[in-house]
Every structure is written in C-alpha cells, then in structure tokens.
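In the numbering used here, the protein residues as written are 43 to 119. The next block holds one structure in the form of structure tokens; read it before the comments.
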C-alpha cells in the first residue's frame, strides 16, 4: 500500500474534462483527492493526491484518465 499517490495530468483546458476526472474518483468510490489546478492559455495542469492508495489501483486510474479526450499526459508520482 502506497502512503500517498500523486497524479499529474496535463490536458486541454476544459471544465468538462476536469469534472470527468473528478467524477472518475467518485465512480470508483474513492474519497475526494487533494486537488490543485493551474491554467496556462489553453492548457491545464492538474495535481491530485490521495492517501492510502494501492499501487495497482493507481496505475488503473492513471490509464482511465489518460483515455479521456483532451488529456495529453498522466504521470503517477
């Protein structure tokens, strides 16, 4: 079990996309993550952090996020 997992997402700036990403955590029954969003022009950088998160689950969530239209990259830290 990982103490804290961080997701760094780079994507097209879209409030709908941000809602989809947060909605994924809700659909999986996960608690709301710590969230920081930075907007630069048409790009958006999202940092999400969750405690007590399994390594396998982190990779699954990252893969699902990367499949959303408008997501450029997802990194699990």
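Cβ coordinates follow ideal geometry from the N, Cα and C atoms, glycine included.
- Taking residue 92 as the centre and dropping the five residues before and after it, the same chain places the C-beta of 47 and 75 closer than 6 Å to its C-beta, in chain order.
- If you look at residue 76, you'll find it in the beta strand (DSSP E) that goes 76-82.
- The alpha-carbon of residue 112 is positioned some 17 Å away from that of residue 90.
- Residue pairing for residue 110: DSSP places it in no beta bridge.
- Shown here for residue 104: same chain residues with a beta carbon closer than 7 Å to its own, the five before and five after excluded, namely 49, 116 and 118 in chain order.
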